[in-house]
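Reminder that position 14 of the sequence shown reads as 14 in UniProt numbering, one-by-one numbering, no gaps. Report on the structure given below.
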Amino acid sequence: MSAEDPNPAATPTPCQDTQGDGRWMSLHNRFVSDSKDKEPDVLFVGDSLIQLMHQFGIWRQLFSPLHALNFGVGGDATQHVLWRLSNGELDNISPKVVVLWVGTNNHGHTPEQICGGIMAIVQVIKNKLTHAHTLVLGILPRGKSPNPLRERNAKVNKLVQEAVSSLPHASFLNVDPGFVHSNGSISHQDMYDYLHLTPQGYQSVCEPLHTHLKSMLDKPAEN
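This is the structure in structure tokens:
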């Protein structure tokens, strides 16, 4: 890719309807509709790790009391989230905090491209929700044993953390509690398929995340 070519991870793109049932666009339209009826203080946006959070008791226990809304879609990469947020999902809400968790599905993209995609999303949030704080969560390691995707995700996290550090109203949070054991393995008790989290895995991620969000919401509003 030459310097002049657009970054595919940072180019708003609707998800291709390869299965032919229109579910992705139906979900997007539902989120746009939800945004007209709800007044969240916290908006969660991202891929299946965000979407599935909603299916567990941890959501009702920790995040529903924070007036949270979940706009997660399984399989989404950065370019898909970018399209969704640019096409109506942010237009009728004014959350105090937007939690962004995306990037592990950006197959075929370099760490630099994925970082560019994440930062493009942060910019859209900043443009549309001028008073919101964007909290970017670090991408988790994946795979039972060490593999190139783990290395890629770790590199993305380093790049994003550096990029976010210079921005107002944005921050980075590493939510990996130590899923990789000393022998390099990840347990199926934390990630049932070595990518998606079990209830135990979500507990390990979400309890410190909840504490962090609570402290952010309890702070006086920034000008």
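We treat Cβ as the ideally placed atom computed from N, Cα and C, and that holds for glycine. Being a predicted model, the structure only gives us computed values, none of them experimental.
Beyond the five residues adjoining it in sequence on each side, Leu149 comes within less than 8 Å, by CB distance, of Thr104, Arg142 and Gly143 in the same chain, given in chain order. For Trp59, DSSP assigns no beta-bridge partner whatsoever. Boundaries around Leu217 are those of the alpha helix (DSSP H), Pro199 to Asp218, since no beta strand (DSSP E) includes it.
When Ala163, Cys206, Gln113 and Gly20 are compared, the shortest CA-CA separation from Asp5 is found for Gln113. In the structure shown, Ala170 adopts extended strand secondary structure according to DSSP, grouped into three states.
By the neighbour-count criterion, in which a residue is buried when 16 or more other Cβ atoms sit within 10 angstroms of its Cβ, Lys96 is buried.
Asn147 counts as exposed, since fewer than 16 other beta carbons sit within 10 angstroms of its beta carbon.
When the beta-carbon positions are compared, Ala170 and Asn7 stay at least 9 Å from each other. The continuous beta strand (DSSP E) containing His133 extends over residues His133 to Leu137. With the rule of 3 Cβ pairs closer than 8 Å, the stretch 155-169 counts as touching the stretch 120-139. In the assembly as shown, His107 is an exposed residue. Its beta-carbon has fewer than 16 other beta-carbons within 10 Å.
Nearest C-alpha to Glu39 among Ser94, Glu207, Ile125 and Trp101: Ser94. When Cβ pairs closer than 8 Å are counted between the two stretches, the stretch 58-66 is seen not to touch the stretch 79-94, the count staying below three. Excluding its 5 nearest sequence neighbours in each direction, Ile50 has C-beta neighbours in its own chain below 7 Å: Phe44, Asn70, Gly72 and Trp101, listed in chain order.
Going by DSSP, Phe71 is part of the beta strand (DSSP E) stretching over Ala68 to Gly72. When the five nearest sequence neighbours on each side are left out, the beta carbons in the same chain lying within less than 7 Å of the beta carbon of Lys155 are those of Pro111, in order along the chain. Spanning the alpha carbons of Thr18 and Trp24 requires a straight line of approximately 10 Å. Straight-line spacing of the CA atoms in Asp34 and Val98 works out to 16 Å.
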